[in-house]
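A.B. asks: Let me begin by handing over the structure; questions about it come next.
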Amino acid sequence: MRRIPWTLVVFAALLVVPFIGSRFYTFVATDIVIVSLFAMSLNLLLGYTGLVSFGHAAYFGIGAYTCALLMKSANVPFLPSLLAAGLMAGSFALLFGFFCVRLTRIYFAMLTLAFAQIVWAICFKWNDVTGGEQGLPNVPYPGMEWMGSAPVLGNFRVGDHFYLTALVIVALCFAGLRRIVDSPFGRVLTVLRDNPERAQFIGVNVRAYQLAAFVVAGFFAGISGGLFGIFNRGVFPDFAFWTKSAEPLIMTILGGMGSFWGPAVGAAAFIVLNQQITSYTEYWPLTMGTVLIVLLFVFPGGIAGTLTGIVARMRARPSPGATTVPVSERGMVKPNA
Amino acid sequence: MLEVHGVSKTFDGFTAVDRVDFSIARGEIAAVIGPNGAGKSTFFNLITGHLRPDVGRILLKERDITGAPPHRICLMGMGRSFQRTNIFPKLTVFENVQAAFITHRRRGANFWGLSDRLYRAETDALLAALGLDDKANALSGALSHGNQKQVELGIALACDPEILLLDEPTAGMSAAETRETIRLLERIAAERSLTLLFTEHDMEVVFSIAQKIAVLHQGRLIAEGKPEAVQQNADVRRVYLGERH
């Protein structure tokens, strides 16, 4: 059977969204695209390196403020601002991570949370720069005039233009992340996840690699935050609050941390469920909690893990007697293994 | 090759290793034996940098490695296997061994290459030498205990060590697997002119391949020398071999 290039199929489908002509669909799609980068950046730590961070929102928030401040207050163009958002978030990840990787397991998680709360408190109180509790409203859209004069694209709204811009940037980030997890560096991360003690004795400086993963994850979270601030038309201290850190965790568990695309699938499911459920009932958190509990017990591999498991079983059926272990994704956690 | 000078380690007032002097020459095969709790594993952990000695010095190839972190000692040419099997259970057998090639040859900081293409031939050759070639794509965590021990040996050998420390290499293996492993170890040690230091509870194994034996008892080195001499040593017979005969 020829492999279907699912990545390209999904990317093409997403490119078509503005043609539907619905402001709402474009809005939801933009939300999903940007937030899935946030979740995917966390999964570099969670699924690949075996580090549980409860404070990933710090880097999302730092990226959002950096990009918004540069664009709004300093009139810096969009792309340099966004790159600066990633670099600033990565720099803070380097600083905070330096301390965090000195601790393990729950202590590591609690320290990431503590740093994130410090970031939140600074955003909340530093009125002169961050606007304090009021945040930074009216973050400008990037200049996308060339799209307005381009054929086809010219008919779209500015929201559609931003959606396409964000989609391309996030796709490039995903390509970068994919490349990183497939690289020798990515292999070392999976080795750390599986057995840090043994990793030392194949010559791995465990803390240095954990820190490097932390910085890379922080960089991509910063990019995601920068995009989100523009999408949201404003940046607020809540971006760095601990509940914001929980969102990518939930998305990753929902989608499955055992596969590369799991967190993105989880982000889509999370946002669509949120939209749908809140239109029926005000008990959205209750419903989400129930969904999570069921998922954790019945489908521990998440949505993506369960789907790839089914596909693997269907592929295995035509050739009985073949005793291959179903490999959901090379080098990744195999649920129930 | 390796010299240990007056090394001690105390845990909460309990002296696990007490002023041990020990050395092993290049190419030698030596065993550390002793009853349970004699301090063999602590002794190993001191050499490999997992523990820091309270006093004493450890030299590897005439360079002081006392208190150096494990990854640095590993990169200097020391490999080890652990008493409890210590592999990367959610990676395939191939990936386990390939990862060790990547890290030991310091290619791990490469963010942009493709890991799949690296060291394929080396990994395949090593797996074939270990008799694991048919299991290359199996999940290592799902293998039998004996196979996992072989994977661990593969990981250690991929680091191209000059000296290899094996903590109970045949623990939990059947008699047949034990014989096979010992033959394999002897062959590999000869081929690569490896220096081999191992702990082992199976005396048959010890006396079949060790050229030198060190006996630990309550943290102290009570005898050291050729197998015949150690076997004749009165102290050793009393505290250790005496338990069996």
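Chains V and F are the protein sequences, given in the same order.
Here the first sequence stands for residues 1 to 337, where the numbers follow this note's numbering.
Here the second sequence stands for residues 1 to 245, where the numbers follow this note's numbering.
C-beta atoms are modelled at their ideal positions from N, C-alpha and C, and glycine is treated no differently.
Everything numeric in this text was worked out from a predicted model, so none of it was measured.
Kindly give me the distance between the Cβ atoms of His145 of chain F and Gly172 of chain F, rounded to whole angstroms, as I take these residues to be in contact under 8 Å.
C.D. replies: About 5 Å separates the two Cβ atoms, so the contact holds.
A.B. asks: Mark Trp261 of chain V as exposed unless 16 or more other C-beta atoms lie within 10 angstroms of its C-beta, in which case mark it buried.
C.D. replies: Answer is buried; the Cβ neighbour count reaches 16.
A.B. asks: List the residues of chain V that His145 of chain F touches, going by C-beta distances under 9 Å, in chain order.
C.D. replies: Near His145 of chain F there are no residues of chain V at all, since even the closest Cβ is about 16 Å away, more than 9 Å.
A.B. asks: Using a 10 Å radius around the Cβ and a threshold of 16 neighbouring Cβ atoms, would you call Thr323 of chain V buried or exposed?
C.D. replies: Low confidence applies here, because Thr323 of chain V scores a pLDDT of 43, under 50, leaving its location unreliable; read the following figure in that light. Burial call: exposed.
A.B. asks: What are the boundary residues of the beta strand (DSSP E) that includes Met78 of chain F?
C.D. replies: First-last of the beta strand (DSSP E) with Met78 of chain F: Met78 to Ser81.
A.B. asks: For Glu95 of chain F and Leu114 of chain F, I'd like the C-alpha separation in whole angstroms.
C.D. replies: Computed Cα separation, rounded: 13 Å.
A.B. asks: Residues in the stretch 94 to 113 of chain F with C-beta within 8 Å of chain V's C-beta atoms, listed in sequence order?
C.D. replies: Here the close residues are Glu95, Gln98, Ala99, Ala100, Ile102, Thr103, His104, Arg106, Arg107, Gly108, Ala109, Asn110, Phe111, Trp112 and Gly113.
A.B. asks: Taking just the CA atoms, how far does Val93 of chain F sit from Pro184 of chain V?
C.D. replies: Computed Cα separation, rounded: 16 Å.
A.B. asks: If Ala116 of chain V sits next to Ala240 of chain V, beta carbons under 8 Å apart, how far is it from one beta carbon to the other, in whole angstroms?
C.D. replies: Confirmed, about 6 Å.
A.B. asks: Using beta-carbon positions only, say whether Ala30 of chain F and Gly49 of chain F come within less than 8 Å of one another.
C.D. replies: Taking 8 Å as the Cβ cut-off, Ala30 of chain F and Gly49 of chain F do not qualify as a contacting pair.
A.B. asks: With a threshold of 16 other CB atoms inside 10 Å of the CB of Pro320 of chain V, please say whether the residue is buried or exposed.
C.D. replies: The predicted position of Pro320 of chain V is uncertain, since its pLDDT is 46 and thus under 50; no value can be drawn from it.
A.B. asks: Using the beta-carbon of each residue, which ones in chain V are nearer than 8 Å to Ala80 of chain F?
C.D. replies: One point to set straight first is that residue 80 of chain F is Arg, not Ala, in the sequence displayed. By Cβ distance, chain V contributes Phe201.
A.B. asks: Give the single residue among V:Ser149, V:Arg198 and V:Phe38 whose Cα lies nearest to the Cα of Ala100 of chain F.
C.D. replies: Looking at the Cα atoms, V:Arg198 is the closest of the given residues.
A.B. asks: What is the DSSP secondary structure of Gly56 of chain F, reduced to helix, strand or coil?
C.D. replies: Three-state DSSP puts Gly56 of chain F in a strand.
A.B. asks: Mind checking which residues open and close the beta strand (DSSP E) that includes Arg220 of chain F?
C.D. replies: Taken as a continuous stretch (DSSP letters only), the beta strand (DSSP E) holding Arg220 of chain F covers Arg220 to Gly225.
A.B. asks: Less than 8 Å between CB atoms is the rule here; does Gly198 of chain F satisfy it with respect to chain V?
C.D. replies: The sequence as given places Phe at residue 198 of chain F; Gly does not occur at that position. It does not: the Cβ of Phe198 of chain F has no partner Cβ on chain V nearer than 8 Å.
A.B. asks: Indicate the three-state DSSP secondary structure (helix, strand or coil) for His5 of chain F in the structure shown.
C.D. replies: Looking at His5 of chain F - three-state DSSP - the assignment turns out to be strand.
A.B. asks: Verify the CB distance criterion: does Lys90 of chain F have a CB-CB separation below 8 Å to chain V?
C.D. replies: Interface residue, yes.
A.B. asks: Name the chain V residues that come within less than 8 Å of Leu132 of chain F, Cβ to Cβ?
C.D. replies: What Leu132 of chain F touches in chain V: nothing, since even the nearest Cβ is about 15 Å away.
A.B. asks: I want to see whether chain V comes within less than 8 Å of Thr48 of chain F, judged by CB atoms only; does it?
C.D. replies: Yes - at least one Cβ of chain V is within 8 Å of the one on Thr48 of chain F.
A.B. asks: If I measure Cβ to Cβ from Ala217 of chain V and keep anything under 8 Å in the same chain, skipping five residues before and after, which residues do I get?
C.D. replies: Excluding sequence neighbours, Ala217 of chain V sits near Ser41, Leu42, Leu44, Leu45, Ser53, His56, Tyr59 and Ala93.
A.B. asks: Taking Cβ-Cβ distances shorter than 8 Å, what residues in chain V pair up with Pro70 of chain F?
C.D. replies: Within chain V, the residues near Pro70 of chain F are Gln200 and Phe201.
A.B. asks: Do Val32 of chain F and Val17 of chain F have their beta-carbon atoms positioned less than 8 Å apart in this structure?
C.D. replies: No, these two residues do not count as a Cβ contact at 8 Å.
A.B. asks: List the DSSP bridge partners of Ile29 of chain F.
C.D. replies: Ile29 of chain F is bridged to F:Leu196.
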